[in-house]
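Colleague:
Number of protein chains: 2
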Amino acid sequence: MNIKDAAAASGLPAKTIRYYEEIGLIRPVRSENGYRDFSEADAHKLTFLARARGLGFAIEDCRALLALWEDRDRASADVKRLAEAHLDEIDRKIAQLTGLRASLSDLVRRCHGDGRPDCPILTDLARMGTGAS
Amino acid sequence: MNIKDAAAASGLPAKTIRYYEEIGLIRPVRSENGYRDFSEADAHKLTFLARARGLGFAIEDCRALLALWEDRDRASADVKRLAEAHLDEIDRKIAQLTGLRASLSDLVRRCHGDGRPDCPILTDLARMGTGAS
DNA sequence: CTTGACCTTCCCGTGACTGGAACCCCTATC
DNA sequence: GATAGGGGTTCCAGTCACGGGAAGGTCAAG
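So the protein lines, in turn, are chains A and B. Residue 124 in UniProt numbering sits at position 124 of the first sequence, with consecutive numbering throughout. Residue 75 in UniProt numbering sits at position 75 of the second sequence, with consecutive numbering throughout.
1. Can you pull the chain A neighbours of B:Asp-42, defined as C-beta to C-beta under 7 Å?
2. Based on Cα-Cα distance, which residue from A:Gly-34, A:Ile-23, A:Gly-24 lies nearest to A:Ile-3?
3. Throw me the rounded Cβ distance for the A:Arg-53 and A:Cys-62 pair, which I believe falls under 8 Å.
4. Is the shortest distance between the beta-carbon of B:Lys-93 and the beta-carbons of chain A less than 8 Å?
5. Does A:Asp-37 have its Cβ less than 8 Å from a Cβ in chain B?
6. Just verifying my parser: in three-state terms, what is the DSSP assignment at B:Arg-18?
7. Expressed to the nearest angstrom, what Euclidean distance is found between the alpha-carbon atoms of B:Leu-122 and B:Leu-55?
8. Would you verify that the beta carbon of B:Arg-51 is, or is not, closer than 8 Å to some beta carbon of chain A?
9. Let me confirm a value: A:Ser-31 is counted as buried when at least 16 other C-beta atoms fall within 10 Å, else exposed. Which label applies?
10. Could you tell me whether the region 81-98 of chain A touches the region 94-106 of chain B, using the rule of 3 or more Cβ pairs below 8 Å?
11. Going straight from the alpha carbon of B:Thr-98 to that of B:Leu-104, what length do you get?
12. So, at 6 Å on beta carbons, what are the nonlocal neighbours of A:Pro-120 in its own chain, with the 5 sequence-adjacent residues on each side left out?
13. With DSSP as the reference, please indicate the residues paired to A:Asp-37 in a beta bridge.
14. Does B:Ala-132 come out as helix, strand or coil in the three-state DSSP assignment?
15. Classify A:Arg-36 as buried or exposed, calling it buried when 16 or more other Cβ atoms lie within 10 Å of its own Cβ.
16. Given a cut-off of 8 Å on the beta-carbon distance, is the pair B:Gly-24 and B:Ala-50 in contact?
17. Please work out which residues of its chain come closer than 7 Å, Cβ to Cβ, to B:Ala-14, disregarding the five sequence neighbours upstream and downstream, and give them in chain order.
18. List, in chain order, every chain A residue whose beta-carbon is nearer than 8 Å to that of B:Ala-83.
19. On the three-state DSSP scale, how would you describe B:Arg-127?
20. Give me the chain B residues within the contact set of A:Ile-90, using Cβ-Cβ distance strictly less than 8 Å, ordered along the chain.
21. Could you check what DSSP says for B:Ile-121 in three-state terms: helix, strand or coil?
22. For B:Phe-38, which residues of its own chain have a beta-carbon under 6 Å away from its beta-carbon, when the five flanking residues on both sides are left out?
23. Any Cβ of chain A within less than 8 Å of the Cβ of B:Ser-31?
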């Protein structure tokens with residue numbers, strides 16, 4: 001199938017598929033006219049990649065997952081390790097965003113938000129670490 | 001003061017400060033030898049920027065906040081609007097990460113994680129949208 | 001024969017920096 | 001005066017994962 005069908009099958013944009021070939025994630029064969037010719041296996045790989053990326057795995061993680069997927073003798077422990085590391089990273093991001101949300105929410109709450117120029121958000125942003133203004 | 005002192009005062013790397021000058025966030029004067037010469041006001045602005053960036057505001061948001069901060073007649077409503085939009089974005093990110101975390105956590109939980117090759121994580125990642133394998 | 005949809009490669013731009021090369025300036029020491 | 005070091009400066013390239021768009025080849029239909 002041509003790239004557009006592979007795109008439709010996997011849900012990835014054609015540009016992204018070309019990029020994935022460029023960095024060696026997939027290797028579709030070429031037709032005589034130079035067009036990429038995707039097999040069902042290629043389309044399946046692309047779907048796999050789309051899902052893994054959708055779960056937030058970095059490209060290099062996806063490469064590793066793909067290799068594990070293609071390796072019939074892989075140990076599930078390898079996969080689990082990768083997934084757990086990723087889970088930890090997600091937890092860190094959530095924690096950071098939550099803390100950040102709390103700070104900002106506090107600032108917003110204290111801002112009267114009318115026409116008066118006195119604004120605690122800006123005042124706080126301007127506050128020096130040592131307390132000097 | 002020289003760039004290193006400005007960096008120490010604001011907590012930003014010197015490279016970042018040069019970048020901020022390049023994109024017009026700050027405009028330190030130059031000494032005769034061509035060195036940047038940061039005033040106290042410059043250092044204060046850099047601290048402001050460091051804090052705003054630390055709260056996750058994009059550079060262009062920081063530019064707007066800085067302008068509001070420098071505008072003595074600004075309305076706090078403007079600032080609040082910016083901050084609330086940012087808060088919404090943070091909430092969206094947290095929601096997305098939380099959903100993603102749930103999916104991945106479920107996969108990890110179901111993975112026995114031993115030497116057996118059978119791994120639900122990879123199986124799920126490979127699953128086609130229509131259910132075909 | 002032309003139109004239009006599709007494909008190809010190539011290059012530039014994104015955001016917010018970071019690293020490094022090549023070179024200038026200033027002070028201190030021998 | 002030479003040298004060493006620790007500043008500073010500019011410019012270029014790279015990051016991550018693509019997206020936009022130009023210039024041009026290919027194919028099926030009318």
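Even glycine gets a Cβ: it sits at the ideal position worked out from N, Cα and C.
Modeller: Taking the structure as given:
1. Those within 7 Å of B:Asp-42 in chain A number zero; the least Cβ separation is about 13 Å.
2. It is A:Gly-34 whose Cα lies nearest to the Cα of A:Ile-3.
3. Indeed, because the Cβ distance is near 6 Å, the residues count as touching under 8 Å.
4. At least one chain A Cβ lies under 8 Å of B:Lys-93.
5. Not one chain B Cβ lies under 8 Å of A:Asp-37.
6. Helix at B:Arg-18.
7. Distance between the alpha carbons of B:Leu-122 and B:Leu-55 is about 36 Å.
8. Yes, its Cβ sits closer than 8 Å to a Cβ of chain A.
9. So A:Ser-31 ends up on the exposed side.
10. Result yes; three or more Cβ-Cβ pairs closer than 8 Å.
11. C-alpha of B:Thr-98 to C-alpha of B:Leu-104: approximately 10 Å in a straight line.
12. In the same chain as A:Pro-120, and ignoring 5 residues on each side of it, the C-beta atoms closer than 6 Å to its own belong to Arg-110, Cys-111, in chain order.
13. In the DSSP output, where bridge partners are listed per residue, A:Asp-37 has A:Val-29.
14. Residue confidence is low: B:Ala-132 scores 35 on pLDDT, short of 50, so the model does not pin down where it sits. Its coordinate-derived value is still stated next. In the structure shown, B:Ala-132 sits in coil (DSSP, three-state: anything other than H, G, I, E or B).
15. Under this definition A:Arg-36 is a buried residue.
16. At the C-beta level, B:Gly-24 and B:Ala-50 stay beyond 8 Å of one another.
17. In the same chain as B:Ala-14, and ignoring 5 residues on each side of it, the C-beta atoms closer than 7 Å to its own belong to Ile-3, Lys-4, Ala-7, in chain order.
18. Contact note: B:Ala-83 reaches chain A through Leu-104, Leu-107, Val-108, Cys-111, Ile-121, using a C-beta cutoff of 8 Å and chain order.
19. The answer is coil: DSSP assigns B:Arg-127 none of H, G, I, E or B.
20. Within chain B, the residues near A:Ile-90 are Leu-97, Leu-100, Arg-101, Leu-104.
21. In this structure, DSSP gives B:Ile-121 a helical state, which the three-state scheme calls helix.
22. Excluding sequence neighbours, B:Phe-38 sits near Met-1, Ala-6, Pro-28.
23. For B:Ser-31, the answer is no, since every Cβ of chain A falls outside 8 Å of its Cβ.
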